[in-house]
Every structure is written in C-alpha cells, then in structure tokens.
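Structure record follows, encoded as structure tokens.
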Amino acid sequence: MTALEKDILNILTDDARISAKQISAMLSVDENTVKNCIAKLEQCGAIVKYTAIVNDAVLDDSIVEAWIEVKVTPKKKEGFDGIAKQIASFPEVKSVYLMSGAYDLAVLIEDRSLQQVSRFVSERISTFDGVISTATHFVLKKYKIEGTLTEREDADNRILVQA
Amino acid sequence: MRDFVNQKSKLLKPSGIRKFFDIVRETEGAISLGVGEPDFVTPWKVRSAAITSLQRGFTQYTGNRGIPQLLELISRYLFERFALSYDPKHILVTVGGSEAIDLALRACVERGEEVLIPDPAYVSYAPLVTLADGVPVALECLEEDNFVLKAHNLEKAITPNTKAIILTYPNNPTGAIMTKAELEEIAKVIVKHDLLVITDEIYAELTYGKTHASIANLPNMKERTVYVSGFSKAFAMTGWRMGYVCAPAEIDEAMFKIHQYGIMCAPITSQYASIEALKDGFSDGFATVEEMRDSYDKRRKFVLHSLTEIGLQCFEPQGAFYAFPSVKSSGLDAETFAEKLLRQEKVAVVPGVAFGSFGGNNVRLSYATSMQSLSKAFDRMDAFLQSLK
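In the order they appear, the protein sequences are chains A and B. For the first sequence, position 112 matches number 112 in our numbering, and the numbering has no gaps at all. Here our numbering = 1-based position in the second sequence + 1000.
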C-alpha cells in the first residue's frame, strides 16, 4: 500500500461521503490522482463497498441481530471455505468470519424477530453437512459500531466563539 | 454606598469576542469557525487516569509547584520533544497557560514599564499587562511578513521604558510560526536592549511541515526567558486547566510566591490526568498527539485550498489551528464582513480587530471543526461573497 492509498483509505473509512475534490485539497494532491487511486482501490477489491453505519436502536424498526458460533468439520480439499461460502450466501447473514479458538465460524445474522433468527439457525445452518454444533448469542445493545461510539462523545459542548 | 470597584478594573475593555459570541448564540443553525480549542475530546486513557485518581482518594492539595512525578515528566517531555532543558525544580504547574502569563507579568513588570505585544495577539495579554501596572504596547506584525515579528519593527518600538516582550508562536490568531533563523534575528535585538521574553508556546506541538523552534533554546536567551506552555492544545485538555511555566531561578522564585499565595496549587485531578497524558505519550512516541496534528493538517490544507477557491487571500498558516484570511477583496472591513456573514449565511468567524489594534482586514477562522462543517461553511461563504458582487 502506498502512503497516498493509506491516506485516502483513512479519510474514506472515517467518512465515505468526502469527495475526491475535498480529499485532493486535504492531501494537497491533484484531484485526478485521487480519483485514479480510489478507482484502483475499488478495482482490486480493497474498497469493498461504501455504506452507512446505522444504529438501529434509534429506529422504530425492530431488527434482531445474533452472533452464531458454528463448529464445523472441515472437508478434504476445501477446508472451511465451502461451508463458509454456503452460509455467507444467505441474505440474512451479514458477516461470516473463520475464527481461531473454541469454534470455527462466527456468523452474524440479522432478521426481524427472535423466532426468525432461531428458525434460520435450526433450519438452515444446523442442517448443513459438516456442522457439528451452533451457539446463538443475541445482540442486546451496541455501544460501538465499526470504531464509532453509538452515544457520541460530544466535542461540541464547546463554547461557540472563544479567544 | 461607596463605589467599590477600582479604576483599573473599570477601565479594562470587555473582550471583543464576547460581543460577537452573543450574536452567534442567538443565531440558530450557525456553523461556528470561531472556536479556539481542539475538537477532540481528551483521550480516554487520560480521562480514565483522572477517574482512577478520584477512586483512590486523591482529592487533596498537592505541593505548590505540582506533583513531583508530573514535574519530572514535564522536564523529560520538554527535553525529548523540544530539546529544552529545565530542571524539575524550576518548573511550576499552573492553572492553564493563562495563570503562567499572569504570574510572569506580575513577577517582573514594575509600574509604568512597557511590555511589547506583537499584534494581532491573543486577547488576554494586554489586559494582564495593565493589571500588572505595566503598559501594553502593540507591535504591528504585517501580513506581508507572514505575521512574523521583524527585528527592525521590534527595534523601532523599544523605548527606555521597555521591559519585556510577549511572544506567541505558533500564533493565535494568525497561525504564523517563527523559524529558528527568524527568532535569531529578534533575539539579537532582545539581548541588545536587555529585554525579558515571555514566550507562550502552548501550540508548540501543532506545527505543519516545519518543526517548532523555541526562543528559549537560542544562545543567551534561556536566562532572560519565561517559557509558558501547557496541556490544552497538544493533548486536547483545555477544560482541565493545566499549564506550566519554566523560568530562571530568581523569576521562578518570585512567580512561585505569587502562585503559592494566589492559587496554592493546580487541581490534583487534572495533574493526575496530565501525568497519564505524558506517560502514555512516552510509551508510543506521542502517537495520539501526532494523530491529532495530522488530522488538523488535512483540514488546514482543505481550508487553504477552499479560501483560494472562493477568492479570499490567505497566507499559509503553519501552526496552531487557525487561518487568518484577508477579507479586503470583499470590499468590507473585517467586522462588517463577520457580522454580515453571520446574519446572511450563518457562519461565524472572528473579526481580526478582536485580537488587537491591527488585523482590521482579516478574520480568524478555526479549522478545529469537522470536515463536514468546514465544507458546508465554505459553501455558505462562497454564496455570501457572490452576493456581494
């Protein structure tokens, strides 16, 4: 990774809506250079997607999230990849990570109710060939999402005009 | 009943910023570029150390000078970051840099002695000189000199009554810095006329591109320099009110007495927080400070670029977190500009006149605010300037 790529990623991971023009001003780099660099990061898959961090606790929509610990028997040749990709293909599944430690896959599921999540786990994930066991942990409250505190610390308690 | 208030206090001018603040407060939806402090909250580790100190029952006075461990750490910090060597026994922890300036003036200035203040300047200096029975003398720093103090201008302002000069680089409000070479030029004049220097280096960690040079490091200067700094700007700790002052033994002794009788000691909780700020800094090469500086620098560049785009001329500030553009091209004086901009487009900047007799063509704009606010503020300023055409 070049220093410029690193700088651009730092800025975008903090606020993806900042324009190439603004970035070029912030870094004193030509706007087209910034655009090309971002295009390259997108093409090579370093930038996966631009999205918003949503704190659904603030919204009325009830959404239930759960982390599922999945123990799996790895298969010959493909190891964990086959089953991980199968699980990942469901729209209810938000993240799938292969983990070290007591279980193998950490699966984040989002659905409309506790029942829906439970059913998804028991009727889908558990039934896959190679799944040994699952443990479901429902998310109760989010304090920090993607490096951002949900209850913001407000630097703008500051007095509006000062010496 | 008698009038109990003395003449000295009566004659103090109310701060020019105060008046402006009242208008801003009443303007709903205003974006303020008038804030003179970091937009970071004090790092959690530092806050946590303060909480722990309270849990452990550290709620008493400390020694007048400050907690010995803190004095040791400040001494090490000044040496490692700025190559300044001050013995912990000549360091005094104060209630913000402001107390330190006040102490220096009260300890050194005799009635009627003149104190030179490069102008535009931070708002407190002149009133503090007056309160110390001295006479503040504004020393104009020109935009064409990048708001740096020039030796010949200094020379011109010196009279037989001149006792001291207050230097603030990196500067609030202009964002100017002075390089070692530039400081050497004025140091010659200072030595020649046997002046005292009070150097307020509270923004020392915030320079961009060039490293900070302290006048206290120049030959023959340390013995005539009162060095003032603190934790507010570098560590995002304004509300903790933690400053310190280092001075030659006799001055230190005098300041110590005034501090002892007037203040006793800086708050113990803030001192423990500051101990953590420094310890944490030493553990990772002051990574948090560097991160904050890097963040300011990006915004500084954005601001400079945007000023040029909307057609306001600005010299490149290389320190602190302020830009001080000239608004001459708008055809308005700075005060009218600031007031109209606020009423019309709801963006608050501070007119240069709030910072002394000069700077009437400039406004101070703080970029210690989010990129989103800056970006929006510049769109509005652009619209404002268009409306004047």
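Cβ coordinates follow ideal geometry from the N, Cα and C atoms, glycine included.
Is DSSP giving residue i helix, strand or coil here?
{"i": "Val1197/B", "result": "strand"}
{"i": "Arg1300/B", "result": "helix"}
{"i": "Pro1068/B", "result": "helix"}
{"i": "His1259/B", "result": "helix"}
{"i": "Asn36/A", "result": "helix"}
{"i": "Phe1039/B", "result": "First, the residue type needs correcting, since residue 1039/B is Asp and not Phe in the sequence shown. It is coil, neither helix nor strand."}
{"i": "Cys1246/B", "result": "strand"}
{"i": "Pro1351/B", "result": "strand"}
{"i": "Ile145/A", "result": "strand"}
{"i": "Thr1094/B", "result": "strand"}
{"i": "Arg1241/B", "result": "coil"}
{"i": "Ser1214/B", "result": "coil"}
{"i": "Lys76/A", "result": "coil"}
{"i": "Leu1012/B", "result": "coil"}
{"i": "Arg1111/B", "result": "coil"}
{"i": "Val58/A", "result": "helix"}
{"i": "Arg17/A", "result": "coil"}
{"i": "Thr1179/B", "result": "coil"}
{"i": "Ser1032/B", "result": "strand"}
{"i": "Gly1281/B", "result": "helix"}
{"i": "Ile1186/B", "result": "helix"}
{"i": "Arg1364/B", "result": "strand"}
{"i": "Thr150/A", "result": "coil"}
{"i": "Val121/A", "result": "helix"}
{"i": "Ser1306/B", "result": "helix"}
{"i": "Ser1232/B", "result": "coil"}
{"i": "Thr1288/B", "result": "helix"}
{"i": "Tyr1125/B", "result": "helix"}
{"i": "Val1005/B", "result": "coil"}
{"i": "Gly1319/B", "result": "strand"}
Give the DSSP bridge partners of residue i, in chain order.
{"i": "Gln1313/B", "result": "Ser1326/B"}
{"i": "Lys1077/B", "result": "At residue 1077/B the sequence reads Tyr, which differs from the Lys that was named. Note: Tyr1077/B sits in no beta bridge, so no partner."}
{"i": "Ile1117/B", "result": "Ala1138/B"}
{"i": "Leu1167/B", "result": "Thr1199/B"}
{"i": "Leu1374/B", "result": "DSSP, once it has assigned bridges, lists no residue as partnering Leu1374/B."}
{"i": "Trp67/A", "result": "Leu108/A, His137/A"}
{"i": "Leu98/A", "result": "Leu105/A"}
{"i": "Ser1387/B", "result": "Note: Ser1387/B sits in no beta bridge, so no partner."}
{"i": "Tyr1227/B", "result": "Thr1199/B, Cys1246/B"}
Whose C-alpha, out of the options, is nearest the C-alpha of residue i?
{"i": "Ile1117/B", "options": "Glu1110/B, Gly1134/B, Lys1328/B, Arg1111/B", "result": "Gly1134/B"}
{"i": "Lys1328/B", "options": "Val1363/B, Cys1141/B, Pro1068/B", "result": "Val1363/B"}
{"i": "Pro1392/B", "options": "Gly1096/B, Phe1082/B, Pro1120/B, Leu1078/B", "result": "One cannot answer for residue 1392/B here, as it falls past the ends of chain B, which runs 1001 to 1389."}
{"i": "Leu1218/B", "options": "Ser1032/B, Tyr1061/B, Phe1082/B", "result": "Phe1082/B"}
{"i": "Asn1006/B", "options": "Leu1131/B, His1152/B, Ile1251/B", "result": "Leu1131/B"}
{"i": "Lys1019/B", "options": "Tyr1208/B, Asp1382/B, Ala1338/B", "result": "Ala1338/B"}
{"i": "Arg1111/B", "options": "Asn1161/B, Thr1179/B, Phe1147/B", "result": "Asn1161/B"}
{"i": "Lys1180/B", "options": "Leu1149/B, Lys1163/B, Leu1073/B", "result": "Leu1149/B"}
{"i": "Ala1273/B", "options": "Gly1036/B, Thr1059/B, Gly1029/B, Gly1034/B", "result": "Thr1059/B"}
{"i": "Glu1028/B", "options": "Tyr1227/B, Asp1039/B, Leu1304/B, Gln1344/B", "result": "Gln1344/B"}
{"i": "Asp1252/B", "options": "Pro1038/B, Tyr1086/B, Lys1045/B, Leu1073/B", "result": "Tyr1086/B"}
{"i": "Arg1065/B", "options": "Ile1263/B, Arg1241/B, Tyr1125/B", "result": "Ile1263/B"}
{"i": "Gln1271/B", "options": "Val1024/B, Leu1033/B, Leu1054/B", "result": "Leu1054/B"}
{"i": "Ala1121/B", "options": "Lys1163/B, Thr1336/B, Pro1170/B, Thr1159/B", "result": "Pro1170/B"}
{"i": "Cys44/A", "options": "Phe128/A, Pro74/A, Leu105/A, Met1/A", "result": "Met1/A"}
{"i": "Lys1301/B", "options": "Gly1063/B, Leu1388/B, Ser1375/B", "result": "Ser1375/B"}
{"i": "Phe1040/B", "options": "Lys1257/B, Phe1235/B, Ala1164/B, Phe1256/B", "result": "Phe1235/B"}
{"i": "Pro1043/B", "options": "Leu1183/B, Val1350/B, Asp1280/B", "result": "Asp1280/B"}
{"i": "Glu1099/B", "options": "Tyr1296/B, Tyr1227/B, Leu1304/B", "result": "Tyr1227/B"}
{"i": "Thr13/A", "options": "Thr73/A, Lys85/A, Gln162/A, Lys49/A", "result": "Lys49/A"}
{"i": "Lys71/A", "options": "Leu160/A, Ile159/A, Ser113/A, Phe128/A", "result": "Phe128/A"}
{"i": "Ser1232/B", "options": "Pro1325/B, Asn1146/B, Phe1321/B", "result": "Phe1321/B"}
{"i": "Ile159/A", "options": "Val1046/B, Ala1348/B, Glu1182/B, Glu1113/B", "result": "Ala1348/B"}
Quiz item: Would you say the region 1044 to 1058 of chain B touches the region 1008 to 1024 of chain B, given that touching needs at least three Cβ pairs under 8 Å?
Solution: Contact fails between the region 1044 to 1058 of chain B and the region 1008 to 1024 of chain B, because fewer than three Cβ pairs, one in each stretch, are under 8 Å apart.
Quiz prompt | Contact set between the region 142 to 154 of chain A and chain D, restricted to residues whose Cβ is under 7 Å from the partner | solution = Among the chains of the structure shown, chain D does not appear; the protein chains present are A and B.
Quiz item: Would you say the region 23 to 31 of chain A touches the region 2 to 9 of chain A, given that touching needs at least three Cβ pairs under 8 Å?
Solution: Result yes; three or more Cβ-Cβ pairs closer than 8 Å.
Exercise. Assess, as a yes-or-no matter, whether the region 141 to 154 of chain A is touched by the region 52 to 72 of chain A under the definition of 3 or more beta carbon pairs within less than 8 Å.
Key: Yes, the region 52 to 72 of chain A is in contact with the region 141 to 154 of chain A.
Self-check item: Segment contact flag, the region 59 to 67 of chain A with the region 125 to 144 of chain A, C-beta cutoff 8 Å, min 3 pairs
Solution: In short, these stretches touch, since the Cβ pair count reaches three.
Practice problem: Compile a chain-ordered list of the residues in the region 1023 to 1038 of chain B whose CB is closer than 7 Å to at least one CB of chain A. | Solution: Within the region 1023 to 1038 of chain B, the residues whose Cβ lies closer than 7 Å to some Cβ of chain A are Val1024, Arg1025, Ser1032, Gly1034, Val1035, Gly1036, Glu1037, listed in chain order.
Practice problem: Report yes or no: do the region 1090 to 1104 of chain B and the region 1244 to 1263 of chain B share at least 3 C-beta pairs separated by less than 8 Å? | Solution: As far as the Cβ criterion goes, the region 1090 to 1104 of chain B touches the region 1244 to 1263 of chain B, which means the pair count is three or higher.
Self-check item: Interfacial residues, the region 69 to 95 of chain A to chain B, with Cβ spacing under 7 Å
Solution: Look at the region 69 to 95 of chain A: it has no residue with a C-beta under 7 Å from a C-beta of chain B.
Quiz prompt | Given 8 Å, three or more beta-carbon pairs between the region 1307 to 1327 of chain B and the region 31 to 48 of chain A | solution = Taking 8 Å as the limit for Cβ pairs, the verdict is that the region 31 to 48 of chain A does not touch the region 1307 to 1327 of chain B.
Quiz item: Relative to chain B, which residues along the region 24 to 51 of chain A have a C-beta separation below 9 Å, given in chain order?
Solution: Flagged, chain order: Ser24, Ala25, Met26, Leu27, Ser28.
Quiz prompt | chain A contacts made by the region 1109 to 1125 of chain B, where a contact means CB separation under 8 Å | solution = Residues of the region 1109 to 1125 of chain B with a C-beta atom less than 8 Å from some C-beta of chain A are Tyr1122, Val1123, Ser1124, listed in chain order.
Quiz item: Is it a yes or a no for the region 1137 to 1144 of chain B touching the region 1281 to 1300 of chain B, going by three-plus beta-carbon pairs under 8 Å?
Solution: Contact fails: fewer than three Cβ-Cβ distances are below 8 Å.
Quiz prompt | Residues of the region 1336 to 1365 of chain B whose Cβ lies closer than 7 Å to any Cβ of chain A, in chain order | solution = Considering only beta carbons, the part of the region 1336 to 1365 of chain B lying closer than 7 Å to chain A consists of Ala1348, Val1350, in chain order.
Practice problem: Examine the Cβ distances between the region 1376 to 1385 of chain B and the region 1186 to 1200 of chain B and report whether three or more of them are shorter than 8 Å. | Solution: No: fewer than three Cβ pairs fall under 8 Å.
Practice problem: Select from the region 1003 to 1019 of chain B all residues with a C-beta closer than 8 Å to any C-beta belonging to chain A, and list them in chain order. | Solution: Taking 8 Å as the cut-off between beta carbons, the residues of the region 1003 to 1019 of chain B near chain A are Ser1015, Ile1017, in sequence order.
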